[in-house]
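The listed protein sequences derive, respectively, from chains G and B. Take the first sequence: its position 235, counted from the start at 1, is 234 in numbering that gives the first Met the number 0, and no numbers get skipped. Take the second sequence: its position 103, counted from the start at 1, is 102 in numbering that gives the first Met the number 0, and no numbers get skipped. Ideal Cβ placement from N, Cα and C applies to all residues, glycine included.
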Amino acid sequence: MRVSRWLADRWVMIVALLVLGYLALPIAVVAALSFNRPSSRLSYDFHEFTLDNWRHPCATTDMCDAVLRSVQIGFVATVVATVLGTLMAFALVRHRFRGRSGINLLIFLPMATPELVMGTSLLALFVSAGVPQGFWTLVIAHVMFCVSFVVVTVKARLAGMDRRLEEAAMDLYASEWHTFRLVTLPLVWPGIVAAALLAFSLSFDDFIVTNFNAGTTVTFPMYVWGAAQRGIPPQVNVVGTAMFGIALLLVGVSSLRARRSAR
Amino acid sequence: MTALAPVPAPSGQAAEAPPPPRRGRHRLLPYLLLLPGAAWLGVFFAAPMLQLGAASLYDPGGSLSTGYVLTWAFGNYPAAVQAYWPQFARAFGYAGIALVLALLTGYPLAYAIAQKAGRWKNLLLVCVVAPMFTSFLVRTLAWKTILSDNGALVGLLRDVHLLGPDGRLLATPVAVVLGLTYNFLPFLVLPLYASLERLDRRLLEAAGDLYASGVQTFRRVTLPLSMPGLTAGTLLFFIPATGDYINAELLGTPNEYMIGNVIDSAFLVRLDYPQGAALSFLLMAAILALVFGYLRRAGTEEVPR
Numbered sequence: 000m001r002v003s004r005w006l007a008d009r010w011v012m013i014v015a016l017l018v019l020g021y022l023a024l025p026i027a028v029v030a031a032l033s034f035n036r037p038s039s040r041l042s043y044d045f046h047e048f049t050l051d052n053w054r055h056p057c058a059t060t061d062m063c064d065a066v067l068r069s070v071q072i073g074f075v076a077t078v079v080a081t082v083l084g085t086l087m088a089f090a091l092v093r094h095r096f097r098g099r100s101g102i103n104l105l106i107f108l109p110m111a112t113p114e115l116v117m118g119t120s121l122l123a124l125f126v127s128a129g130v131p132q133g134f135w136t137l138v139i140a141h142v143m144f145c146v147s148f149v150v151v152t153v154k155a156r157l158a159g160m161d162r163r164l165e166e167a168a169m170d171l172y173a174s175e176w177h178t179f180r181l182v183t184l185p186l187v188w189p190g191i192v193a194a195a196l197l198a199f200s201l202s203f204d205d206f207i208v209t210n211f212n213a214g215t216t217v218t219f220p221m222y223v224w225g226a227a228q229r230g231i232p233p234q235v236n237v238v239g240t241a242m243f244g245i246a247l248l249l250v251g252v253s254s255l256r257a258r259r260s261a262r
Numbered sequence: 000m001t002a003l004a005p006v007p008a009p010s011g012q013a014a015e016a017p018p019p020p021r022r023g024r025h026r027l028l029p030y031l032l033l034l035p036g037a038a039w040l041g042v043f044f045a046a047p048m049l050q051l052g053a054a055s056l057y058d059p060g061g062s063l064s065t066g067y068v069l070t071w072a073f074g075n076y077p078a079a080v081q082a083y084w085p086q087f088a089r090a091f092g093y094a095g096i097a098l099v100l101a102l103l104t105g106y107p108l109a110y111a112i113a114q115k116a117g118r119w120k121n122l123l124l125v126c127v128v129a130p131m132f133t134s135f136l137v138r139t140l141a142w143k144t145i146l147s148d149n150g151a152l153v154g155l156l157r158d159v160h161l162l163g164p165d166g167r168l169l170a171t172p173v174a175v176v177l178g179l180t181y182n183f184l185p186f187l188v189l190p191l192y193a194s195l196e197r198l199d200r201r202l203l204e205a206a207g208d209l210y211a212s213g214v215q216t217f218r219r220v221t222l223p224l225s226m227p228g229l230t231a232g233t234l235l236f237f238i239p240a241t242g243d244y245i246n247a248e249l250l251g252t253p254n255e256y257m258i259g260n261v262i263d264s265a266f267l268v269r270l271d272y273p274q275g276a277a278l279s280f281l282l283m284a285a286i287l288a289l290v291f292g293y294l295r296r297a298g299t300e301e302v303p304r
């Protein structure tokens with residue numbers, strides 16, 4: 000019994016590590032390919048080690064323009080979605096009102112609808128309304144699919160908050176505004192930051208909705224998609240690796256700070 | 000969704016208790032807070048769905064340049080199904096096989112992180128989310144390198160005769176299913192982890208004390224208790240996987256095209272809006288029917304006796 004349980008324990012852990020390996024493999028390949036000098040534009044195989052891609056990441060200017068455009072769209076969409084979603088989360092957690100279930104459904108549905116359908120339906124709307132597609136239609140679309148995720152994230156933080164802290168502030172004659180500004184907001188802030196980071200990553204990486212509503216605007220994922228047909232410049236892997244590094248750094252810093260403040 | 004979702008899964012049940020009633024002057028406040036967000040979703044999510052529904056009933060004889068007329072052409076639907084049922088079947092088939100693979104690999108992973116990882120828990124969780132730190136498309140292209148005809152993997156499989164001397168992985172259904180499994184696995188693992196993390200180990204010990212075998216304990220205790228996470232994870236995996244067309248396009252050939260590829264080309268290449276809209280609507284209806292049917296069944300099993 001004991002031996003078999005020991006084996007069962009190891010069996011689960013071994014499978015888990017293998018699956019993690021499966022998840023990690025493509026990242027390792029992306030990192031390796033960022034140092035590759037490909038034999039031809041259409042080759043995906045590792046050919047020769049070089050540092051050129053990292054030294055000249057913008058050798059293909061189109062790609063850097065696309066990255067910049069993605070950052071701009073992501074920034075605007077994140078700010079708008081975070082504000083709208085946070086307001087909604089406050090209303091849902093802190094207030095009682097008619098039509099709650101309808102609002103909950105309106106927030107849930109975008110998360111359950113295939114992106115493809117959201118993309119095509121917005122395209123149908125923009126075309127029939129005669130709205131030219133480009134930067135701003137992308138911002139509109141990205142805000143639309145980010146809002147629900149912001150609501151869910153901020154709501155989780157708000158729901159877990161100790162209301163007595165605010166009551167204590169009120170008891171100490173803080174006005175409602177002061178209580179919000181000095182107690183509520185700082186406590187919810189980590190949730191809002193997490194929601195904003197999530198919204199930015201959703202927006203930056205979106206391809207399907209973007210593809211239908213971009214017009215002639217090229218974002219980074221759209222650039223990669225187009226380049227996959229013409230041949231991928233190795234600098235794409237530099238961007239992929241750099242993104243990974245930045246995200247990892249953010250996670251590392253935030254967990255270090257969490258550990259320090261826990262002490 | 001193609002990015003990380005460390006959010007409690009939308010399990011349908013809004014369990015939050017309504018807060019106590021507030022004073023009168025707050026009566027309008029919740030509506031003011033909700034208005035901008037709800038209006039945005041109403042105009043840019045709900046209204047487009049209606050527009051898509053209308054577009055699916057346009058006269059199929061029209062075109063973008065000459066303009067479309069709403070003629071309630073319900074015939075668009077049977078015509079679309081007749082023309083593209085193989086791609087529909089492929090979408091659900093590939094996503095279904097990928098889901099089974101993801102369950103077989105994702106369940107042990109979530110279980111190991113939740114119950115066995117000890118102080119490594121957070122590190123392993125970061126490893127699960129890590130793929131999403133970099134671009135979805137770039138990662139999928141990396142599979143092109145891994146599965147390449149000149150790559151180590153194909154070489155190995157040829158050496159052990161699992162593949163014939165000319166056998167390949169890239170541009171086959173295997174590559175598409177592997178890509179789908181890979182790309183959406185974290186969406187399955189995260190909610191499953193959240194469920195398994197709350198699992199009380201004493202229940203497992205109690206089952207063992209009552210002479211349940213490992214398999215029985217899993218079937219009668221662990222599995223039912225992880226049902227909420229399993230349900231949410233399955234949906235979060237299956238919905239995007241069925242609508243995906245990136246894996247079929249980059250790792251497959253037109254023989255592996257899924258319904259997403261057809262819809263993409265209907266809207267962006269052939270500019271056949273009525274057909275594209277009818278196919279989109281059918282896809283959504285099929286997925287919603289599956290989702291609600293599944294939720295109903297899983298929901299009854301969700302409550303452990």
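Helix, strand or coil at residue i [DSSP, three-state]
{"i": "residue 48 of chain G", "result": "strand"}
{"i": "residue 232 of chain B", "result": "helix"}
{"i": "residue 35 of chain G", "result": "strand"}
{"i": "residue 64 of chain B", "result": "coil"}
{"i": "residue 249 of chain B", "result": "helix"}
{"i": "residue 57 of chain B", "result": "strand"}
{"i": "residue 17 of chain G", "result": "helix"}
{"i": "residue 184 of chain B", "result": "helix"}
{"i": "residue 69 of chain B", "result": "strand"}
{"i": "residue 280 of chain B", "result": "helix"}
{"i": "residue 244 of chain B", "result": "coil"}
C-beta neighbour in chain G for residue i, strict 8 Å
{"i": "residue 260 of chain B", "result": "no"}
{"i": "residue 133 of chain B", "result": "yes"}
{"i": "residue 144 of chain B", "result": "yes"}
{"i": "residue 36 of chain B", "result": "yes"}
{"i": "residue 236 of chain B", "result": "no"}
{"i": "residue 194 of chain B", "result": "no"}
{"i": "residue 206 of chain B", "result": "no"}
{"i": "residue 283 of chain B", "result": "yes"}
Any C-beta of chain B under 8 Å from that of residue i
{"i": "residue 25 of chain G", "result": "yes"}
{"i": "residue 84 of chain G", "result": "yes"}
{"i": "residue 72 of chain G", "result": "no"}
{"i": "residue 177 of chain G", "result": "no"}
{"i": "residue 261 of chain G", "result": "no"}
{"i": "residue 139 of chain G", "result": "yes"}
{"i": "residue 52 of chain G", "result": "no"}
{"i": "residue 344 of chain G", "result": "Missing from the structure shown is residue 344 of chain G; chain G here goes from 0 to 262 and no further."}
{"i": "residue 242 of chain G", "result": "yes"}
Where the alpha helix (DSSP H) through residue i begins and ends
{"i": "residue 142 of chain G", "result": "134-158"}
{"i": "residue 126 of chain B", "result": "120-128"}
{"i": "residue 107 of chain B", "result": "75-110"}
{"i": "residue 169 of chain G", "result": "162-170"}
{"i": "residue 106 of chain G", "result": "99-111"}
{"i": "residue 77 of chain G", "result": "60-93"}
{"i": "residue 209 of chain B", "result": "Where residue 209 of chain B is concerned, there is no enclosing alpha helix (DSSP H), given that its DSSP letter is neither H nor E."}
{"i": "residue 191 of chain G", "result": "184-204"}
{"i": "residue 177 of chain G", "result": "175-178"}
{"i": "residue 26 of chain B", "result": "Run containing residue 26 of chain B: none; DSSP gives neither H nor E here."}
{"i": "residue 229 of chain G", "result": "219-229"}
Integer-rounded CB distance, given that residue j should sit under 8 Å from residue i
{"i": "residue 152 of chain G", "j": "residue 194 of chain G", "result": "4 Å"}
{"i": "residue 141 of chain G", "j": "residue 205 of chain G", "result": "6 Å"}
{"i": "residue 149 of chain B", "j": "residue 44 of chain G", "result": "5 Å"}
{"i": "residue 184 of chain B", "j": "residue 101 of chain B", "result": "5 Å"}
{"i": "residue 133 of chain B", "j": "residue 239 of chain G", "result": "5 Å"}
{"i": "residue 113 of chain G", "j": "residue 245 of chain B", "result": "About 13 Å separates the two Cβ atoms, so there is no contact after all."}
{"i": "residue 279 of chain B", "j": "residue 59 of chain G", "result": "Not quite, the Cβ-Cβ distance comes to about 34 Å (not below 8 Å), so this is no contact."}
{"i": "residue 11 of chain G", "j": "residue 107 of chain B", "result": "5 Å"}
{"i": "residue 18 of chain G", "j": "residue 145 of chain B", "result": "Not a contact, Cβ separation roughly 16 Å."}
{"i": "residue 226 of chain B", "j": "residue 297 of chain B", "result": "6 Å"}
Heavy atom of the ligand FAD within 7 Å of residue i beta-carbon
{"i": "residue 49 of chain B", "result": "Absent from the structure shown: the ligand FAD. Ligands present: none."}
Any chain A beta carbon closer than 8 Å to residue i
{"i": "residue 141 of chain B", "result": "Any reference to chain A falls outside this structure, whose protein chains are G and B."}
Got a sec: which bits of the region 219-233 of chain G sit with their beta carbon under 8 Å from any beta carbon on chain B, in order along the chain? 219, 220, 223, 224, 227, 231
Identify each residue in the region 106-127 of chain G for which the Cβ-Cβ distance to at least one residue of chain B is less than 8 Å, and report them in chain order. 106, 107, 108, 109, 110, 111, 112, 113, 114, 115, 116, 117, 119, 120, 121, 122, 123, 124, 126, 127
Selection of the region 167-189 of chain B by Cβ proximity to chain G, strictly under 8 Å: 181, 184, 185
Contact residues within the region 80-105 of chain B, judged by C-beta distance below 8 Å to chain G: 104, 105
Against chain B: residues of the region 86-100 of chain G by CB proximity under 7 Å: 86, 87, 89, 90, 92, 93, 94, 95, 96
With 7 Å as the limit, tell me which residues of the region 50-70 of chain B have their beta carbon closer than that to any beta carbon of chain G; keep them in chain order. 50, 51, 54
Within 9 Å of chain G by C-beta, residues of the region 109-122 of chain B in sequence order: 109, 110, 111, 112, 114, 115, 116, 121
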